[in-house]
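Heads up, the sequence shown is in the numbering used here, so the first residue is 0 and it goes up one at a time.
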Amino acid sequence: MSVIALLGAQWGDEGKGHIADKLAGEASIVARYNGGDNAGHTITMGDTLVRTHLVPAGAFHPGATCVLGAGMVVNLRSLAREVDELNGHGANLTPDRLKIDVAAHLVLPGHVALDGVSEQRRGVGAIGTTRRGIGPTYTDKAARIGLRAGSIAEADTFAETVWAHVERANLNLRDLFEPELDADALSAEYAALAKRFAPHLSNVTALVHAALESGQTVLAEGAQGALLDLDHGTYPFVTSSSTITGGVLTGLGVGPRHVTRVIGVAKAFCSRVGAGPFPTELHGEMGDRLRGTGANPWDEFGSTTGRPRRTGWLDLVALKHAARINGLTELVLTKLDILTGIEPLHICTAYAHHGQSTTDFARDAAVLAECTPVYAELPGWTEDIGSARRLAALPRAAQEYIRQIETFTGIPVSHVSVGPDRSQIFAVT
Ligand code: GDP
Ligand code: IMO
Ligand code: MG
């Protein structure tokens, strides 16, 4: 029937996996459309916590087919590890349930090595990438020298191609006086991976359209977030893919008329992992408080790299930018429980730049770095809200916090999450 786009409205890690898992039950297909294993999406089901990196959140809904769309970059080595782990939790990701688009690009060992080396060489100017080879893989794709997933259909030819890819990467590594990769060992490893995953190859775009034509719902699960988008984020401190609604269209091969809901997931505060401007960043005690110590699984430490995330107050200027570039129809607010006990709360409602006030989000990283946030103060609350299951059960101050977000962005908050468990999300009716 339609595509529901669910995407990050900040700098990633907004709780997309948690929400996608909640909504996946309504969909016959759950699709990733961008990025690769730079993503780390957490799903908490009672005592079981799983992290997905490439596989969409439909994994734990037996009625949903999980698909990796053409806009993705797929590391088969990571995929093998992840599928084994998720199957260990009962996901049953057979070739019937997990499909890889033949047009998705492959992240190969040379891409991973070159990502690490170029980050190292950037020194203080480093982007702080996840070092998963994402940038170099999309670079090869745009240069039309990439390797697509369809090439694994023929394992022997694929092994030769991987060998040539590794030798090409070695030329670069040698020039940079970096250790070289073992082309023979890697081509043998990738031939085995090709045999394993060839049965998962599919024309995902055709599958998606067949589902839509038969009246079913497709959930598109975004990776990263709007402010990390290659075009509309804080370039160059961004990822190398289109993270926004436009990426859903190109990454799955669907038209805008199919997308009936565009859900932006936003935390009740902000976090960012990696370098780049972050106007509302907090240093010191309050930043530490929002981050947590790492003792809880939901504390702000990277799901993929374990790096501590930078934290700050909610930035409504940035959120409105995300709402505009995505055409959001609704917002889902996560981690509201983390604000319990903070008095007063701050929300950023404008930036000051060279003495001028603006509510436009500057995409030039240098300009954004010069912006200082203008805050509104709001009262906090002290009640434990983890068991709230409707808006009226939230303290008045928490309801007011939500209302301020809706008023500023012009987008209704459709769901609120008050804890990491599947059961701790409620619809705002
Ligand atoms: P994603 O990349 O957008 O899927 O987000 P991550 O999984 O990287 O990070 C979000 C973290 O917040 C995870 O540990 C989630 O389990 C956790 N989380 C999501 N929603 C809530 C919430 O409402 N409250 C709390 N305490 N944790 C949440
Ligand atoms: P999920 O899907 C948060 C960040 C990196 C770095 C920049 C570029 O879990 O929200 P890359 O490896 O993509 O070239 O790194 O993007 N980044 C993320 N930050 N969540 C993510 O994914 C991220 N994926 C990449 O930290 O700043
Ligand atoms: Mg994450």
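Idealized CB from N, CA, C, for every residue including glycine.
Outcome for residue i when other beta-carbon atoms lying within 10 angstroms are tallied against a minimum of 16
i	result
T129	buried
P372	buried
E153	exposed
S241	buried
N74	buried
H282	exposed
H446	Here the chain has residues from 0 to 428 only, and residue 446 is not among them.
V123	exposed
S386	exposed
K194	exposed
T303	buried
P411	exposed
H320	buried
G354	exposed
Residue i CB to nearest heavy atom of the ligand MG below 6 Å
i	result
D298	no
S302	yes
D20	no
D174	no
G39	yes
D36	no
D12	yes
Proximity test, residue i beta-carbon vs the ligand IMO heavy atom, cut-off 6 Å
i	result
R402	no
Q223	yes
V415	no
T242	no
R128	Looking at the sequence provided, one finds Thr at residue 128 rather than Arg. Flag set: Cβ of T128 near the ligand IMO.
R290	no
V272	yes
T233	no
T238	yes
R131	yes
Residue i CB to nearest heavy atom of the ligand GDP below 6 Å
i	result
G84	The question names Gly, but residue 84 is Glu in the sequence shown. Incorrect: E84 has no Cβ contact closer than 6 Å to the ligand GDP.
P419	yes
D228	no
T43	yes
H52	no
T333	yes
G16	yes
D383	no
D336	yes
For residue j and residue i, the rounded distance between their alpha carbons
i	j	result
F176	T238	27 Å
I401	G109	46 Å
A50	N169	A small fix is needed here, since residue 50 is Arg in this sequence, not Ala. Roughly 32 Å between the two C-alpha positions.
R260	G16	17 Å
I126	W297	24 Å
A190	S77	15 Å
Q119	A349	35 Å
E280	G14	19 Å
D336	E382	9 Å
I384	K334	10 Å
A69	L344	42 Å
For residue j and residue i, believed in contact at Cβ under 8 Å, the rounded distance
i	j	result
A361	C370	6 Å
R308	R290	6 Å
V165	A182	4 Å
L218	A19	6 Å
V203	L332	Actually they do not touch by this definition, with Cβ atoms about 31 Å apart.
P378	A396	5 Å
P55	A30	6 Å
V66	I28	6 Å
S213	I99	Not a contact, Cβ separation roughly 22 Å.
L22	L48	Their Cβ separation, rounded to whole angstroms, is 19 Å, which puts L22 and L48 out of contact at 8 Å.
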